[in-house]
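Taking the working numbering, I'd label the letters of the sequence shown as residues 1293 to 1417.
Idealized CB from N, CA, C, for every residue including glycine.
Worksheet for the structure shown next.
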Amino acid sequence: MKITLYQIIPEPENRYLIFSDLRSIRAASGGHVPAEIYEAVFSGDLDIAVPRNAKNKMDQELAELEAVYVRFNVSHPEGFRGRSMTMSDVVEIIRSEKESRFFFCDRFVFEEIKFEKEKADFGRL
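Below you can see the structure in the form of structure tokens.
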């Protein structure tokens, strides 16, 4: 599974948004998640074991996202340049060169969002 993990850049003007929920970030940012305050801290393939017995595609995707969360909190992959995954982080699941989806790590769920990744900082990768 190929992913990119984005975390809020720990600059003074962004610090109050780190660890914030989706509603708070949208309220502070005109209703969207501003990619320009994020940096990519990992991009690559993750070897995660996810059972293939999900009832539907949505359940399968949720299981994958939960496995990603565990991986970035228990056993950081090689090349990871961030802190443990938490609320306010954005996960890009890359299915193909033309198909990516973005998920915000919220309080208890992953919420699919629009995210302009070309505005994020890729300097640490």
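| Check | Outcome |
| --- | --- |
| According to DSSP, is L1309 part of a helix, a strand, or is it coil? | coil |
| Report the three-state DSSP secondary structure of V1383 (helix, strand or coil). | strand |
| Please tell me whether P1369 and L1338 are closer than 8 angstroms, where the distance is taken between their beta carbons. | yes |
| Spatial neighbours of L1357 within its chain, please: CB distance less than 7 angstroms, with the 5 preceding and 5 following residues excluded, ordered by chain position. | V1383, F1395 and F1402 |
| Is D1351 close to chain B? Criterion is C-beta to C-beta, closer than 8 angstroms. | No chain B is part of this structure, which consists of one protein chain only. |
| Just the C-alpha distance for S1316 and A1341, rounded to the nearest angstrom, thanks. | 33 angstroms |
| Using a Cβ-based criterion (distance less than 7 angstroms to any ligand heavy atom), does K1294 qualify as near the ligand FAD? | As for the ligand FAD, it is missing from this structure, which has no ligand bound. |
| Using only CA atoms, which one of E1408, F1414, D1351 and Y1330 lies nearest to E1381? | For the sequence presented, residue 1381 should be read as Asp rather than Glu. Comparing Cα-Cα distances from D1381 to each of E1408, F1414, D1351 and Y1330, the minimum goes to Y1330. |
| Indicate the three-state DSSP secondary structure (helix, strand or coil) for A1332 in the structure shown. | strand |
| Out of Y1308, R1307 and P1326, which has the shortest C-alpha to C-alpha gap to E1408? | P1326 |
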